[in-house]
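Its first residue numbered 162, the sequence shown is counted upward by one per residue in this note's numbering. Ideal Cβ positions, reconstructed from N, Cα and C, are used throughout, including at glycine.
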Amino acid sequence: MRGQGRGRERERERERERERERERNNKSILFLKIITKIKRKLRILFDIPVAYKYKKFSIELPANHLLPDSQKIHPRYDKFLPHLSKYLTNMETMVDIGANVGDTLAGMAEQNSTINYICIEPDDSFFDLLEKNIVRIKNSVKDLNVQTIKALVGKNISDVKLEGKNGTKHAVIGKNGFIRSQLLDQIILIKKNIRLLKSDVDGFDYDVLDSSISIIKKNKPIIFFECQCNFKYQKIGYINTLKQLALIGYCYWIVFDNFGEVMIKTKDVSIIIQLIDYVWQQNIDKTTRTIYYYDILVVQKNEIDFIDKVLKEYK
162 MRGQGRGRER
172 ERERERERER
182 ERERNNKSIL
192 FLKIITKIKR
202 KLRILFDIPV
212 AYKYKKFSIE
222 LPANHLLPDS
232 QKIHPRYDKF
242 LPHLSKYLTN
252 METMVDIGAN
262 VGDTLAGMAE
272 QNSTINYICI
282 EPDDSFFDLL
292 EKNIVRIKNS
302 VKDLNVQTIK
312 ALVGKNISDV
322 KLEGKNGTKH
332 AVIGKNGFIR
342 SQLLDQIILI
352 KKNIRLLKSD
362 VDGFDYDVLD
372 SSISIIKKNK
382 PIIFFECQCN
392 FKYQKIGYIN
402 TLKQLALIGY
412 CYWIVFDNFG
422 EVMIKTKDVS
432 IIIQLIDYVW
442 QQNIDKTTRT
452 IYYYDILVVQ
462 KNEIDFIDKV
472 LKEYK
C-alpha cells in the first residue's frame, strides 16, 4: 500500500511539474508576442523593409508583412509546402497563384530548386518585389527555374480592385475595379506535368480553382488552397467548389489550421463543409473565436499513400 501511495505522489508531482512548465511556456509566448508586436510597429512606423533570411539567401519583405512574426510565434506557419517540395521531382511543375512577394517560392526553393515554378501575382507592388526576390534567390540558387506572370486568376470574379494590409491583398468587388481575371488555362503556357497547384488569394480561392478546372482535370495535381470566408457568397462558393472537386475524383482532404498544424484527415467532404461552417459561425459573431481560416490539401486516390508519407514526416 505504501508503494502505491508513493507512486501516486510521484505522479502528482510530475503533473505539478508539467503544469509549472506550461505556465512558463505561456509566459514566454506572451512575452514574445509583446516584443514582436512592438518591433513590428516600429518597422511600420519607420517603413523599414525586412530582410528575411533563409539558409542560403534572403528575401525582402514589406515592413508590415506578417511572415517573420507569425513564424516566430507559430513554428509551423507556412511550413508545409516547403516540406512537401522535398518530395517533388525535377520534371514536375508547381503553380503558385497569389505568389505575393515570393515567400512561398523562397521556402520551397530552399528545399528543392530542381522543379519548375510558375508564380502568378496581380498586384503591382508585390509583383515588382517578387521579381527582385527571385533575382536574390538566383544569386545563390543558380539552377532555379521560375516563370513569373502578372495576372489575376479567376472565372466569375472580375473587374476588381486589390486592397489589403499586413503584407497581403485581396480582391474587392464593387469599387469600380479595373483588373480583369483570366482562366488559368489562358495564362500559363506549361499545361502538363503540373504536380502541385497552390492558391492563396484571401477569400476567392474557390473562384481560382473554378477557373483552373481544365488544368486540374488534365494533370490531377495535389491542390493546396486557403479557405477564408468573409462573406456568405464566399462560403457558398467554397462549398460548391469542394463538391465539384469531389465529382472529378478528389477524395482525400487534409485540413490545417491557420497556424500550420494538421487538424484532420478525411475522405468525407461533408466534414470539410462542417468545418467551414464552424469558422463561419465565428465570422458572424455567433460563437467564440478560435481560428480565422483553414488551409486545405486535397488529392486523388492514387496520391493517398504518398501524401500520408509526407504528412507523417511533417509531424
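Residue i and residue j closer than 9 Å at C-beta
| i | j | result |
| --- | --- | --- |
| C412 | V471 | no |
| I295 | G259 | no |
| I377 | L408 | no |
| L345 | L245 | no |
| S231 | K316 | no |
| K428 | W414 | yes |
| L458 | I465 | no |
| D320 | I310 | no |
Own chain, CB closer than 8 Å to residue i, minus 5 neighbours either side, in chain order
| i | result |
| --- | --- |
| L436 | V416, M424, I425, Y455 |
| I400 | I434, I437 |
| D304 | S274, T275 |
| L249 | M255, N273, I276, R356, L357 |
Distance between residue j and residue i (C-alpha atoms, nearest Å)
| i | j | result |
| --- | --- | --- |
| I355 | K233 | 32 Å |
| T448 | L350 | 46 Å |
| V302 | R171 | 54 Å |
| T451 | F420 | 11 Å |
| T275 | R185 | 43 Å |
| R175 | R183 | 12 Å |
| V215 | E282 | According to the sequence displayed, residue 215 carries Tyr and not Val. When rounded, the distance between both Cα atoms is 22 Å. |
| R237 | E422 | 7 Å |
| I279 | F385 | 15 Å |
| I374 | K473 | 29 Å |
| K359 | E180 | 40 Å |
| Y213 | F339 | 33 Å |
| Y367 | N463 | 23 Å |
| A312 | L291 | 13 Å |
| N143 | M255 | The requested residue 143 does not occur in the structure, where the chain is confined to residues 162 to 476. |
| M269 | K240 | 9 Å |
| D112 | V314 | Since the displayed the chain opens at 162 and closes at 476, residue 112 lies outside it and no answer follows. |
| M109 | I348 | Here the chain comprises residues numbered 162 to 476, so residue 109 is not present and cannot be evaluated. |
| G398 | R169 | 55 Å |
| R479 | R177 | Residue 479 cannot be examined here, being either before or after the span of the chain that is shown, 162 to 476. |
| V369 | Y394 | 15 Å |
| I432 | H235 | 26 Å |
| K353 | D446 | 44 Å |
| K217 | G410 | 39 Å |
| Y475 | Q343 | 34 Å |
| E324 | Q442 | 25 Å |
| K293 | F392 | 34 Å |
Cutoff 6 Å; reference residue i; Cβ partners in own chain excluding five residues on either side
| i | result |
| --- | --- |
| K440 | Note on identity: in this sequence residue 440 is Val, with Lys being the wrong assignment. Excluding sequence neighbours, V440 sits near nothing in its chain. |
| N380 | I355 |
| Y453 | N419 |
| P382 | I355, R356, L357, L358 |
| F287 | N261, V262 |
Strand pairing of residue i, partner residues [DSSP]
| i | result |
| --- | --- |
| I281 | I258, I310 |
| A212 | E221 |
| K359 | D257, F385 |
| P441 | In the sequence as displayed, the identity of residue 441 is Trp instead of Pro. Answer by DSSP bridge pairing: none, since W441 is not bridged. |
| Q461 | Y411 |
| Y455 | C388, D418 |
| T427 | W414 |
| V302 | DSSP lists no partner for V302. |
Beta-carbon separation (whole angstroms), residue i vs residue j, contact threshold 8 Å
| i | j | result |
| --- | --- | --- |
| P210 | P223 | 6 Å |
| K299 | Q272 | The pair is not a contact, with the Cβ atoms about 16 Å apart (cut-off 8 Å). |
| I220 | R173 | Not a contact, Cβ separation roughly 50 Å. |
| N444 | C388 | With 8 Å as the limit, N444 and C388 do not qualify as a contact, their Cβ atoms being about 12 Å apart. |
| V430 | L403 | 5 Å |
| V307 | L266 | 7 Å |
Cβ-heavy atom distance, residue i to the ligand NAP, below 8 Å
| i | result |
| --- | --- |
| V256 | No copy of the ligand NAP appears in this structure; indeed no ligand is present at all. |
Beta-carbon contacts of residue i that lie in its chain and below 7 Å, excluding the five residues immediately before and after
| i | result |
| --- | --- |
| D257 | T265, L266, Y278, I279, C280, I281, K359 |
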